[in-house]
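In mature numbering (1 follows the signal peptide of the UniProt record, and there is no 0), the protein residues as written are -26 to -1, 1 to 84.
In this text, a Cβ means the ideal position worked out from N, Cα and C, and glycines have one as well.
A short write-up of the structure that comes next.
The structure is reproduced here in structure tokens:
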């Protein structure tokens, strides 16, 4: 509960101060948006909650913060494992198939 209150206080203060700091804050904000789609308050929220927080993700997914497990699941879904091929020596060429050929283990290439 205390972490949540501190989080809201820090987020509110950082948003309020962005209007006062001028060009420096605008440059930092533009840099963080360009690099990893986060605003400066997102870094603070992520640090407090020990998660990956992003205002832009909130707009697109409806979730402000993601746990490391959720990030790993999303990355695994985005990059499926490469298909396995079984390649066999033949006369002059190599034949590859998606399934192993029964009885041809001696010609299987490593």
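- Straight-line measurement puts the Cα of residue 68 at about 12 Å from the Cα of residue 59.
- The three-state reading of DSSP puts residue 82 in strand, counting E and B together.
- In terms of Cα proximity to residue 48, the closest of 20, 26, 62 is 26.
- Exclusion of the five residues before and after residue 83 leaves 61, 62, 63, 68 as the residues of its chain whose Cβ lies within less than 8 Å of its Cβ.
- Setting aside the 5 residues that flank it on each side, residue 24 has no residue in the same chain whose C-beta is closer than 8 Å to its C-beta.
- Note on geometry: alpha-carbon atoms of residue 74 and residue 43 lie some 34 Å from one another.
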